[in-house]
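Residue numbers (the working numbering): 13 to 111.
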């Protein structure tokens, strides 16, 4: 069933929460390059969508358990946000915070 809670919603929430957690940790450690509030929310929404699509794809293809899917999506959301924040300086039109 496509609307099943354990199929896509819980892993998607895990992906978005890990993305926002990475943004908060990044702000604590590297304040000058931390994303602002709307950008953090945008990254969390993108991670939610990516986590939902990936979790449904993994569920239909591999039939993993709920715990496995949630853990994988948590790691995927955190790692993609971390790499986006690392590579953001190579994108155009990115702003930096000043102390």
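All C-beta atoms in this analysis are idealised placements derived from N, C-alpha and C, irrespective of residue type, glycine included.
Residue environment: residue 48 is assigned as exposed (fewer than 16 neighbouring CB atoms within 10 Å of its CB, all protein chains considered). Under the rule that a run must span 4 or more residues, the alpha helix (DSSP H) segments found entirely inside the segment 49-94 read 49-74. Taking the Cα positions, residue 71 is about 34 Å away from residue 39.
Going by beta carbons, residue 59 and residue 31 fall inside the 8 Å limit.
In terms of CA proximity to residue 18, 68 leads the group 84, 68, 92.
Note that the C-beta distance between residue 33 and residue 90 is below 8 Å.
Within the same chain, Cβ atoms closer than 7 Å to the Cβ of residue 27 are found at 59, 60, 62, 63, 85, 86, 88, 89, the five residues on either side in sequence being excluded.
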